[in-house]
Every structure is written in C-alpha cells, then in structure tokens.
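Undergrad: Can you keep this structure in mind? I'll have questions shortly.
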Amino acid sequence: MAKDPNMSPSQYQTSHDKNIKIPMRYGTTPRVDITRPEAESRFPVLLERTLYNKEIGSENAVGAAEYFASRGYVLIIQDVGGRFASEGDFYPFLDDGTGINRDGYDTVECLADQPWPNGRIGTIGGSHSGATQCRNALCRPPHLQAMFIRDS
Numbered sequence: 718m719a720k721d722p723n724m725s726p727s728q729y730q731t732s733h734d735k736n737i738k739i740p741m742r743y744g745t746t747p748r749v750d751i752t753r754p755e756a757e758s759r760f761p762v763l764l765e766r767t768l769y770n771k772e773i774g775s776e777n778a779v780g781a782a783e784y785f786a787s788r789g790y791v792l793i794i795q796d797v798g799g800r801f802a803s804e805g806d807f808y809p810f811l812d813d814g815t816g817i818n819r820d821g822y823d824t825v826e827c828l829a830d831q832p833w834p835n836g837r838i839g840t841i842g843g844s845h846s847g848a849t850q851c852r853n854a855l856c857r858p859p860h861l862q863a864m865f866i867r868d869s
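Numbering-wise (our numbering), the sequence shown opens with residue 718 and increments by one.
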C-alpha cells in the first residue's frame with residue numbers, strides 16, 4: 718500500500734500462518750490464512766470467506782492483511798469448503814448460512830475460541846465474500862459483532 722500521511726501508523730510487527738485447518742461440524746476442514754499482530758494481547762478479528770482463492774483474496778491482494786495486522790487487528794481469509802486449499806465439496810451459498818453445514822457459523826465460533834481474539838469478530842469482503850456474510854448473519858453466530866459488505 719502507498720504511504721499516506723493521513724493513515725494511522727503501524728504499531729505492531731506481524732506474523733503469518735498459512736493453511737490452518739478450521740474444523741466444521743460435519744468433519745471437513747476449510748483452511749485459513751491468518752495475519753496477526755505479534756503481541757501477547759487479544760485483538761478484534763476481521764474474517765473474509767472467499768471462493769476466489771485466499772492467496773489472492775480481495776484483502777490479501779491490496780495488502781490489507783499486513784495493514785490491518787500492523788494496526789491491531791487479526792485478518793483471516795478462508796477458502797470456502799471445496800475451493801483451493803479447503804477440503805470438502807463446494808456448494809455455493811448452501812454452506813454459508815442456513816444450509817445444513819453452516820460453515821460461516823462454525824468458522825466464527827471456532828475463531829472465537831482461539832487465544833488471540835478479544836471476542837469481537839467482524840466479517841469483510843465483497844462479491845461472493847459479501848454474500849457469504851449475509852447468509853452467515855441469518856444464523857446469528859454469537860461472536861459475530863460487525864459486517865462490512867462491499868459490492869454484493
């Protein structure tokens with residue numbers, strides 16, 4: 718990202734974990750990439766679930782993972798089930814919300830149980846990643862606190 722004098726300064730070094738398995742209620746394990754501040758503290762989480770490949774997901778493509786993590790957020794990008802690094806079969810939208818599997822719900826609640834979130838989990842993304850947020854909201858995961866939907 719280009720330097721902008723109006724942007725907040727970086728506060729943390731960051732760490733990156735790739736292809737971390739997130740267990741689902743039906744046994745498959747979609748994978749996530751996690752970029753977070755290197756600090757012994759708890760931080761808010763921003764989650765993007767994508768069918769487009771987490772390696773080039775919208776938040777990764779523009780350098781947002783590093784940007785947010787260096788400013789005190791955990792950014793997590795997940796390949797939805799059956800896509801790219803994730804196991805399972807791909808059922809567009811069916812597994813995102815009120816369908817049988819509820820991957821979005823399971824992902825949010827699994828992340829809430831990790832040692833680094835502060836209990837505040839938000840979702841982020843556009844297009845399919847925005848639509849998955851809307852579907853997931855129908856399930857009302859207890860730890861979902863915010864949604865930032867673009868171009869859906």
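Note that beta-carbon positions come from the ideal geometry of N, C-alpha and C, so glycine has one too.
On the three-state DSSP scale, how would you describe glutamate 804?
TA: Coil at glutamate 804, not helix or strand.
Undergrad: Nearest to glutamine 850 by CA position, among Gln795, Ser803 and Ser787, is which residue?
TA: Of the candidates Gln795, Ser803 and Ser787, the one whose C-alpha sits nearest the C-alpha of glutamine 850 is Gln795.
Undergrad: Out of curiosity, what's the CA-to-CA distance linking isoleucine 817 and leucine 811?
TA: When rounded, the distance between both Cα atoms is 8 Å.
Undergrad: Nearest by alpha-carbon distance to glutamate 757: which of Trp833, Asp868, His860 and Gly847 is it?
TA: Glutamate 757 has its Cα closest to that of Trp833, out of Trp833, Asp868, His860 and Gly847.
Undergrad: Taking 8 Å as the cut-off, does the segment 818-830 touch the segment 782-789 (at least 3 CB pairs, one atom from each stretch)?
TA: Taking 8 Å as the limit for Cβ pairs, the verdict is that the segment 818-830 does not touch the segment 782-789.
Undergrad: Glutamine 730 to histidine 860, Cα distance in whole Å?
TA: So the alpha carbons of these two residues sit roughly 26 Å apart.
Undergrad: With DSSP collapsed to three states, give me the class of serine 846.
TA: Serine 846: helix per DSSP, three-state reduction.
Undergrad: Measuring alpha carbon to alpha carbon, tell me which residue in Ala829, Ser803 and Thr767 is nearest arginine 748.
TA: Per the Cα distances, Ser803.
Undergrad: Considering alanine 829, what are the terminal residues of the alpha helix (DSSP H) in which it resides?
TA: Taken as a continuous stretch (DSSP letters only), the alpha helix (DSSP H) holding alanine 829 covers 820-829.
Undergrad: Just the C-alpha distance for arginine 867 and arginine 852, rounded to the nearest angstrom, thanks.
TA: Approximately 14 Å, taken between the alpha carbons.
Undergrad: With DSSP as the reference, please indicate the residues paired to lysine 735 in a beta bridge.
TA: Partner(s): none; lysine 735 has no beta bridge.
Undergrad: Comparing alpha-carbon positions, which option in Met724, Tyr743, Arg759 and Pro722 lies nearest isoleucine 838?
TA: The shortest C-alpha separation from isoleucine 838 is found at Arg759.
Undergrad: Is glutamate 765 buried or exposed, if buried means 16 or more other CB atoms sit within 10 Å of its CB?
TA: Counting Cβ neighbours within 10 Å, glutamate 765 comes out buried, since at least 16 surround it.
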